[in-house]
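Each remark here refers to the structure printed beneath this line.
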Amino acid sequence: MPRVTLQPAELFASKAWGFSQVAVSPPGTIINIAGQVAWGADEKSNAEGLEEQLRQALDHVFVAVRAAGGQPDDIQILRLYIRDFQSGTDADRIGKVLTDVFGTDNPPPSSWIGVQALAQPEYLVEVEAMAVVS
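Next up, the structure:
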């Protein structure tokens, strides 16, 4: 079936970079979210430090999920790509942000993947997500 893509006004226009911000698979139950970073619609970094960038990236994930008709509770999985990941120290910082945002009762599963670099040198973390709506 053809893919339906969305471009929330709050996120930068990504098609010029070869990808969509949001893809909804008909009949609209699975929502795949492109990797989100602390880069606003103005194509500028809007946060510094790992924790602040992660919070901003998660906010962008929520914008994308809502644009596709879902809610943050519909997120089924997160994939975090962390530049120059430092085991222990960064894990503690990431865990704190995720528990602040999602709580500890029913947070989505996540994978944390350390990478050498991301698309822009100022990016410290990138978050992909998949959500399912009924």
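Start counting the sequence shown at 1; every next residue gets the next number (full-length UniProt numbering). In this text, a Cβ means the ideal position worked out from N, Cα and C, and glycines have one as well. Please read all numbers here as calculations on a predicted model, not as lab measurements.
Closer than 8 Å by C-beta to residue i: which residues in its own chain qualify, once you throw out the five before and the five after it? Chain order, please.
| i | result |
| --- | --- |
| residue 41 | 9, 10, 11, 12, 13 |
| residue 134 | 29 |
Residue i by DSSP, collapsed to three states: which one?
| i | result |
| --- | --- |
| residue 95 | helix |
| residue 124 | coil |
| residue 53 | helix |
| residue 6 | strand |
| residue 133 | coil |
Leaving out five residues on either side along the sequence, give the residues of the same chain with a beta carbon under 6 Å from the beta carbon of residue i.
| i | result |
| --- | --- |
| residue 129 | 33, 61, 75, 78 |
| residue 113 | 81 |
| residue 126 | 35, 37, 81, 118 |
| residue 146 | Because the chain is modelled from 1 through 134, residue 146 falls outside the range shown and cannot be assessed. |
| residue 111 | 79 |
May I ask whether a heavy atom of the ligand COA can be found less than 8 Å away from the beta carbon of residue i?
| i | result |
| --- | --- |
| residue 106 | You won't find the ligand COA in this model; it holds no ligand whatsoever. |
By Cβ distance below 7 Å, which residues in the same chain neighbour residue i in space, the five residues on each side in sequence not counted?
| i | result |
| --- | --- |
| residue 104 | none |
| residue 89 | none |
| residue 68 | 6, 22, 24, 31 |
First and last residue of the beta strand (DSSP E) that includes residue i?
| i | result |
| --- | --- |
| residue 32 | 30-36 |
| residue 115 | 110-115 |
| residue 76 | 75-83 |
For my contact list, residue i and residue j are in at a C-beta cut-off of 8 Å; report their separation, rounded to the angstrom.
| i | j | result |
| --- | --- | --- |
| residue 118 | residue 83 | 5 Å |
| residue 124 | residue 97 | 12 Å between Cβ atoms; not a contact. |
From residue i to residue j, what does the alpha carbon distance come to, in whole angstroms?
| i | j | result |
| --- | --- | --- |
| residue 44 | residue 57 | 13 Å |
| residue 107 | residue 47 | 24 Å |
| residue 1 | residue 65 | Note that residue 1 scores 36 on pLDDT, short of 50, meaning its location in the model is unreliable and no value can be drawn from it. |
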